[in-house]
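Okay, so here's the structure we're looking at.
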Amino acid sequence: MIVTILLVILVLALVGGLPTWGYSRSWGYGPSGGIGVILAILLVCWLLGVI
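Going by the numbering used here, the sequence shown opens with residue 788, and the numbers climb by one from there.
Dropping the structure here:
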């Protein structure tokens, strides 16, 4: 159950972090870098068997 919720949140964050809209192009690497860090943490937790 918690894995499904985390996957949905991650997909929404990935779509929201895409610089496709005009106002989000000035954000730089902040949103995608944050999403990458969250993805790396989730991957490590998954490999260690925490989730």
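Just so you know, even glycine gets a beta-carbon here, dropped at the ideal spot from N, CA and C.
Out of the options, state which residue places its alpha-carbon closest to the alpha-carbon of residue i.
i	options	result
Gly-803	Leu-834, Pro-818, Leu-793 and Ser-813	Pro-818
Ala-800	Val-837, Trp-833 and Gly-823	Gly-823
By the DSSP assignment, the alpha helix (DSSP H) with residue i in it spans what residues?
i	result
Ile-796	789-803
Val-837	Val-837 -> no alpha helix (DSSP H), and no H or E assigned at all.
What separation, rounded to the nearest whole angstrom, lies between the Cα atoms of residue i and residue j?
i	j	result
Ala-827	Gly-821	10 Å
Trp-833	Val-790	10 Å
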